[in-house]
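A short write-up of the structure that comes next.
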Amino acid sequence: MVNLLNNEIISNVPNAWLSSLENYITKGKNAEIWDSTGKRYLDYVGGYAVLNTGHLHPRVVKKVREQLDNFSHSCFAYAPHENAVNVCNELNNRYPINDSTKTFLVNSGAEAVENAVKIARYFTGRKSIISFNGGFHGRTYLAMGLTGKDKPYKQGFGPFPDFVHHTEYPYEYRGITDELAIEKLDTYLNTALNPNEVAAIVIEIQLGEGGYIPASGTFIQHLRKVCDENGILLIFDEVQTGFGRTGKMFGAENVDVEPDIVTLAKGIAGGFPLAAVLGRSHIMDSIHDAGIGSTFGASPVSCAASLGVLEAFDNEDIISNTKIQEKIMKDALNAMMDSCDFIGDIRGYGPMIGVEIVESKISKIPDKSKVNKILDQCKENGLLLVSCGQEGNVIRFMGPLTTPQNQVEEAMEIFKNSLV
Ligand SMILES: Cc1ncc(COP(=O)(O)O)c(C=O)c1O
Numbered sequence: 040m041v042n043l044l045n046n047e048i049i050s051n052v053p054n055a056w057l058s059s060l061e062n063y064i065t066k067g068k069n070a071e072i073w074d075s076t077g078k079r080y081l082d083y084v085g086g087y088a089v090l091n092t093g094h095l096h097p098r099v100v101k102k103v104r105e106q107l108d109n110f111s112h113s114c115f116a117y118a119p120h121e122n123a124v125n126v127c128n129e130l131n132n133r134y135p136i137n138d139s140t141k142t143f144l145v146n147s148g149a150e151a152v153e154n155a156v157k158i159a160r161y162f163t164g165r166k167s168i169i170s171f172n173g174g175f176h177g178r179t180y181l182a183m184g185l186t187g188k189d190k191p192y193k194q195g196f197g198p199f200p201d202f203v204h205h206t207e208y209p210y211e212y213r214g215i216t217d218e219l220a221i222e223k224l225d226t227y228l229n230t231a232l233n234p235n236e237v238a239a240i241v242i243e244i245q246l247g248e249g250g251y252i253p254a255s256g257t258f259i260q261h262l263r264k265v266c267d268e269n270g271i272l273l274i275f276d277e278v279q280t281g282f283g284r285t286g287k288m289f290g291a292e293n294v295d296v297e298p299d300i301v302t303l304a305k306g307i308a309g310g311f312p313l314a315a316v317l318g319r320s321h322i323m324d325s326i327h328d329a330g331i332g333s334t335f336g337a338s339p340v341s342c343a344a345s346l347g348v349l350e351a352f353d354n355e356d357i358i359s360n361t362k363i364q365e366k367i368m369k370d371a372l373n374a375m376m377d378s379c380d381f382i383g384d385i386r387g388y389g390p391m392i393g394v395e396i397v398e399s400k401i402s403k404i405p406d407k408s409k410v411n412k413i414l415d416q417c418k419e420n421g422l423l424l425v426s427c428g429q430e431g432n433v434i435r436f437m438g439p440l441t442t443p444q445n446q447v448e449e450a451m452e453i454f455k456n457s458l459v
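As structure tokens, then:
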């Protein structure tokens, strides 16, 4: 049957930007969304790991409404507003860096990453940046350059900025142990690169687009050591791992390492566009007057939403809820793995869980077509999920951290019944 709605989309937006869902979304409430046909879904895509506090969290809605009674925009560099400073203050107080920190607000994850590197290069006076195979840092040119996943993000879009170097991210399931990844980095630093020319190492605590692969404390602690020994800045890209996604308020808490600069976005403002670059004060303050900025960064409306998100975290035990979610999901998924030869691995910090689908446990050959069948069946059965990974063979769970227990159980039941 020809879907007329889809034709309307096809004739107006580029093919590369087409949606996975056929019908318009008309309503969202916490972990549930409804489309224009009235079909209800459990939303484990969550606007791509943005809706950590769910659709239309009442505290977010209230703050936004209050702000809209006053004003909707000011460019912070000219007219400061209290919401932005309150967000910066809250983040400075909450992010686990035991040092004075300062925060700068922008619009998107990619813009935050660009600025983090900009600041690191300026502060160190060095040019080279190290990032990781499988890493994803956004769609602007430097962020694409840092990204270590070619298809679909980089293919055909080169050339990319110079002085960006990729090394191995640990991936235990595929034989890249911590030891191996450490050895590769150390060898690379001592042969192809001059460590004194490296401004920063940029890493995700758990790969997002790259396959929901967590990095261990051992590996990240090694990066900290390498950075300290060579005057290199350590940048955590917590665009996806922030705001409870990994079962801790920030991903860094899982690895017991403090970065020098961190980027935050996605869950920061309950679905409103906002991102942050937070760093040690002496680094952030090194930039000359007006050297960083953004017209729409620090939108008063998005900042109001962000204050609503933080209020929700403070008052609603969301972090404890992630532990309950993690247990329900990992218990259910592990049981499925025991009985399905095509589920090769289940992994991730907290409820940020990836399920790696393979042809068989022995061959470990990535099975993207199986993933697509499972995702289609899940959608049919009312559960929205997407894939990730270099080979597109990992299914990831990115639902709201506020999802009620019975809906987490319902999601697991639907998933089990969709393993076709
Ligand atoms: C780790 C990470 N960094 C950066 C980005 C880019 O963020 P945005 O799409 O807001 O530019 C993403 C988006 O998925 C991400 O997961």
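Be aware that the sequence shown starts at 40, since it is given in the working numbering, and climbs by one per residue. From the three backbone atoms N, C-alpha and C, an ideal C-beta is built for every residue, glycine too. Bear in mind the structure is a predicted one, so any value in this text is a computation, not a measurement.
Q: Please determine if the region 229 to 241 and the region 257 to 276 are in contact, where contact requires at least 3 C-beta pairs separated by less than 8 Å.
A: yes
Q: Tell me C427's beta-bridge partners as DSSP assigns them.
A: Along the sequence shown, read from residue 1 onward, the residue named residue 427 stands at position 388. V433, per the DSSP bridge assignment.
Q. Residues in its own chain within less than 7 Å of E430 by CB, not counting five upstream and five downstream?
A. The residue given as residue 430 occupies position 391 in the sequence shown. P405, K407, listed in sequence order.
Q. Pick from K287, D217, T142, K102: whose alpha carbon is nearest that of G309?
A. To locate residue 309, count along the sequence shown from 1; it is residue 270. Per the C-alpha coordinates, the member of K287, D217, T142, K102 positioned closest to G309 is K102.
Q.
What I want to know is whether the C-beta of S147 ends up closer than 8 Å to one or more non-hydrogen atoms of ligand 2.
A. Inclusion of ligand 2 in the displayed structure is not the case, the ligand content consisting of ligand 1 alone.
**Q.** Contact belief for G389 with E365 at Cβ below 8 Å, rounded distance in angstroms
**A.** Position 350 of the sequence shown, counted from the first residue, corresponds to residue 389. Position 326 of the sequence shown, counted from the first residue, corresponds to residue 365. So it is a contact: roughly 5 Å between Cβ atoms.
Q.
Once the 5 residues before and after A123 are set aside, which same chain residues still bring their CB inside 8 Å of it?
A. Start at 1 with the first residue of the sequence shown, and residue 123 comes out as number 84. F115, L144, A337, P339, C342, listed in sequence order.
Q. Is DSSP giving V348 helix, strand or coil here?
A. Reading the sequence shown from its first residue, position 309 is the one you call residue 348. Helix at V348.
Q) Can you tell me the Cα-Cα spacing of F196 and N420, whole angstroms? A) Position 157 of the sequence shown, counted from the start, is the residue given in the question as residue 196. Position 381 of the sequence shown, counted from the start, is the residue given in the question as residue 420. About 37 Å.
Q: Have a look at R386, N128, F258 and flag the residue whose alpha-carbon is nearest the alpha-carbon of S320.
A: For the purposes of this step, residue 320 is taken as residue 281 along the sequence shown, with counting starting at 1. Here the closest residue by C-alpha is N128.
Q. DSSP on S167, reduced to helix/strand/coil?
A. Residue mapping note: residue 167 aligns to position 128 of the sequence shown, counting from 1. If DSSP states are grouped into helix, strand and coil, S167 belongs with the strands.
Q: Name the two residues that bound the continuous beta strand (DSSP E) containing K141.
A: On the sequence shown, position 102 is the one that residue 141 refers to. From DSSP, the beta strand (DSSP E) with K141 extends over 140 to 145.
Q. With burial defined as no fewer than 16 other Cβ atoms inside 10 Å of the residue's Cβ, what is the status of T442: buried or exposed?
A. As a first step, residue 442 must be located in the sequence shown, where it is residue number 403. Around the Cβ of T442, a 10 Å sphere holds 16 or more other Cβ atoms; the residue is buried.
Q: Measuring alpha carbon to alpha carbon, tell me which of G347, A314, F258 ends up nearest E105.
A: The count along the sequence shown starts at 1 and reaches residue 105 at position 66. With distances taken between Cα atoms, E105 lies closest to G347.
Q: Please work out which residues of its chain come closer than 8 Å, Cβ to Cβ, to E71, disregarding the five sequence neighbours upstream and downstream, and give them in chain order.
A: Working through the sequence shown from its first residue, we reach residue 71 at position 32. The residues are R79, Y80, L81, D82, H94, Q446.
Q: Count the other C-beta atoms from every protein chain shown that fall within 10 angstroms of the C-beta of Y117, then say buried if there are 16 or more, exposed otherwise.
A: Your numbering for residue 117 matches position 78 in the sequence shown. By the 10 Å Cβ count, Y117 comes out exposed.
Q. What is the residue span of the alpha helix (DSSP H) that F454 lies within?
A. Residue 454 sits at position 415 when you count from the first residue of the sequence shown. Segment 444 to 456, the alpha helix (DSSP H) holding F454.
Q) Do the region 210 to 229 and the region 186 to 196 make contact, defined as three or more Cβ pairs closer than 8 Å? A) no
(Q) Could you compute how far the alpha carbon of M40 sits from the alpha carbon of T65? (A) Working through the sequence shown from its first residue, we reach residue 40 at position 1. Working through the sequence shown from its first residue, we reach residue 65 at position 26. Because M40 carries a pLDDT of 44, less than 50, the predicted location of this residue cannot be relied on, and the following value inherits that uncertainty. Distance between the alpha carbons of M40 and T65: 22 Å.
Q | Between the CA atoms of N411 and A88 - distance to the nearest angstrom | A | Taking the first residue of the sequence shown as position 1, residue 88 is located at position 49. Taking the first residue of the sequence shown as position 1, residue 411 is located at position 372. A88 and N411: Cα-Cα distance of roughly 19 Å.
Q) If we call anything under 9 Å between Cβ atoms a contact, is L272 one with K141? A) Mapped onto the sequence shown, residue 272 falls at position 233. Mapped onto the sequence shown, residue 141 falls at position 102. Contact: no.
Q) Whole beta strand (DSSP E) runs in the region 143 to 220 with 3 or more residues, listed along the chain? A) Runs of the beta strand (DSSP E) inside the region 143 to 220: 167 to 171, 203 to 206.
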